Amino acid sequence: KGLSTSTPPVSTSTPAPATTTVKTQAPPPPPVKTTEAPKKSEAPKSSQAPSPPNNNGGDLVSNNDHLGMTYTPYVGTTGQCKTADQVDSDISAIKNAGFSVVRVYSTDCNTLENVGNACSKYGMKMIAGVFVKSSGCSIDTPDIKEQVDKLVAWGKWDLVVLLVVGNEAIMNNYCSPQQLKQLITDVKGKCSGKFNGKVTISETLNIWQREDVSSNLCSHVDITGANIHPYFNNGVAPSEAGQFVRGQMSILQKICNKSVITLEVGWPSGGQDNGLAVVGLDAQSIAVKSIREQCGNEVIFFSLEDDRWKQKGSCGCEDSWGLGRAFNINTSS
Numbered sequence: 001k002g003l004s005t006s007t008p009p010v011s012t013s014t015p016a017p018a019t020t021t022v023k024t025q026a027p028p029p030p031p032v033k034t035t036e037a038p039k040k041s042e043a044p045k046s047s048q049a050p051s052p053p054n055n056n057g058g059d060l061v062s063n064n065d066h067l068g069m070t071y072t073p074y075v076g077t078t079g080q081c082k083t084a085d086q087v088d089s090d091i092s093a094i095k096n097a098g099f100s101v102v103r104v105y106s107t108d109c110n111t112l113e114n115v116g117n118a119c120s121k122y123g124m125k126m127i128a129g130v131f132v133k134s135s136g137c138s139i140d141t142p143d144i145k146e147q148v149d150k151l152v153a154w155g156k157w158d159l160v161v162l163l164v165v166g167n168e169a170i171m172n173n174y175c176s177p178q179q180l181k182q183l184i185t186d187v188k189g190k191c192s193g194k195f196n197g198k199v200t201i202s203e204t205l206n207i208w209q210r211e212d213v214s215s216n217l218c219s220h221v222d223i224t225g226a227n228i229h230p231y232f233n234n235g236v237a238p239s240e241a242g243q244f245v246r247g248q249m250s251i252l253q254k255i256c257n258k259s260v261i262t263l264e265v266g267w268p269s270g271g272q273d274n275g276l277a278v279v280g281l282d283a284q285s286i287a288v289k290s291i292r293e294q295c296g297n298e299v300i301f302f303s304l305e306d307d308r309w310k311q312k313g314s315c316g317c318e319d320s321w322g323l324g325r326a327f328n329i330n331t332s333s
């Protein structure tokens, strides 16, 4: 189903995501020895009018129109791990662009140490992640255990405003809702007494709308986390991207009756046009402006730079999600 088989020349024990297209929205987690990649998903277009911003509390709402940015510490052209100095430079640039939070997906490439040190230095917060792939969805799955052990050993929980367990893990059939529910319980148990912040998952709206998902997960998340990618809906023009995201967030809020955070939203600068959802640098800038105006203070933009090490996928766009130009950010690679 259009899975990308590109794997960067990085060998680490944790996930490597390569986003892929398959009627679903997806992100990019880490590159590593895996050939699986998250898929992107198409969620139903909402005809509802934009609702007022939900106050999801504290550090998960910014006082400007761009809360956060996703960040993976890989060199954009090769997928190799960035150095600590390169990461420091990137985080400094993200901070200078006005962002207050960075979302990371995993613990490989010394993510916690390098991103954590830079965030501490520049006064930023982190959304940390436990990445789930096809190898299993249990606290005893080796790569999951390793990530959780690294989080606990790292321990700089004062920097972490949200912990995301899994990234489209149900959508990719890596976890059943019941398995993910148990994994959240077990991860919380490992971090108890150390991390008392919010925990969530990241799935697309169509997954959250499944009864087996909401019945199992609503009680186990503190906030509803979702990836929303308007480009994969062919009736959404760049100028309507923000209204589309706001509409989806309104639907999500009613599913668990909890606040919502969009953990990935963006627009590709290259690839194939998808109906009204045309690509290009101009289209990307228009889409980002629309999202910032409608809900930018409660979304995490995806992503900092193009991932040229990824295969293009069926949309031809999987390597073209970098938003550096749209936010006037110069990256280290």
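Under the UniProt record's numbering, the final residue of the sequence shown carries the number 333; numbering is consecutive throughout.
All C-beta atoms, glycine included, are put in the ideal place defined by N, C-alpha and C.
Nothing here was measured: the structure is a model prediction, and the numbers come from that model.
In the DSSP output, what is residue i paired with across the bridge?
i: residue 261; result: 225
i: residue 300; result: 68
i: residue 274; result: 277
i: residue 81; result: 74
Straight-line CA distance for residue i to residue j?
i: residue 234; j: residue 136; result: 33 Å
i: residue 156; j: residue 129; result: 14 Å
i: residue 92; j: residue 211; result: 42 Å
i: residue 402; j: residue 227; result: Nothing in the structure corresponds to residue 402, since the chain is present only between 1 and 333.
i: residue 312; j: residue 193; result: 43 Å
i: residue 147; j: residue 293; result: 36 Å
i: residue 187; j: residue 139; result: 7 Å
i: residue 80; j: residue 285; result: 28 Å
i: residue 332; j: residue 109; result: 15 Å
i: residue 189; j: residue 144; result: 14 Å
i: residue 196; j: residue 275; result: 44 Å
i: residue 181; j: residue 220; result: 7 Å
i: residue 123; j: residue 329; result: 18 Å
i: residue 115; j: residue 150; result: 14 Å
i: residue 256; j: residue 297; result: 21 Å
i: residue 125; j: residue 83; result: 20 Å
i: residue 327; j: residue 243; result: 20 Å
i: residue 28; j: residue 204; result: A caution first: residue 28 carries a pLDDT of 45, below 50, which makes its placement in the model unreliable, though a value can still be read off. Going by the C-alpha atoms only, they are around 14 Å apart.
i: residue 264; j: residue 178; result: 24 Å
i: residue 120; j: residue 159; result: 7 Å
i: residue 223; j: residue 89; result: 31 Å
i: residue 259; j: residue 218; result: 11 Å
i: residue 254; j: residue 85; result: 43 Å
i: residue 94; j: residue 175; result: 33 Å
i: residue 75; j: residue 117; result: 19 Å
i: residue 245; j: residue 266; result: 10 Å
Kindly indicate the opening and closing residues of the alpha helix (DSSP H) around residue i.
i: residue 246; result: 241-256
i: residue 91; result: 84-96
i: residue 292; result: 281-295
i: residue 209; result: Here residue 209 belongs to no alpha helix (DSSP H), and DSSP marks it neither H nor E.
i: residue 184; result: 177-191
On the criterion of 16 or more Cβ atoms from any shown chain inside 10 Å, does residue i qualify as buried, or is it exposed?
i: residue 142; result: exposed
i: residue 106; result: buried
i: residue 153; result: exposed
i: residue 216; result: buried
i: residue 408; result: Since the first residue of the chain shown is 1 and the last is 333, residue 408 is not available in this structure.
i: residue 133; result: buried
i: residue 111; result: buried
i: residue 320; result: buried
i: residue 262; result: buried
On the DSSP letters alone, give me the boundaries of the beta strand (DSSP E) that residue i sits inside.
i: residue 201; result: 198-202
i: residue 118; result: Per DSSP, residue 118 belongs to no beta strand (DSSP E); it is in the alpha helix (DSSP H), 111-122.
i: residue 128; result: 125-130
i: residue 164; result: 160-167
i: residue 102; result: 101-103
Touching by the beta-carbon criterion (3+ pairs, under 8 Å), the segment 198-213 and the segment 159-171: yes
Cβ contact (3+ pairs, closer than 8 Å) linking the segment 67-78 and the segment 291-305: yes
At least 3 beta-carbon pairs within less than 8 Å: the segment 276-294 vs the segment 235-244: yes
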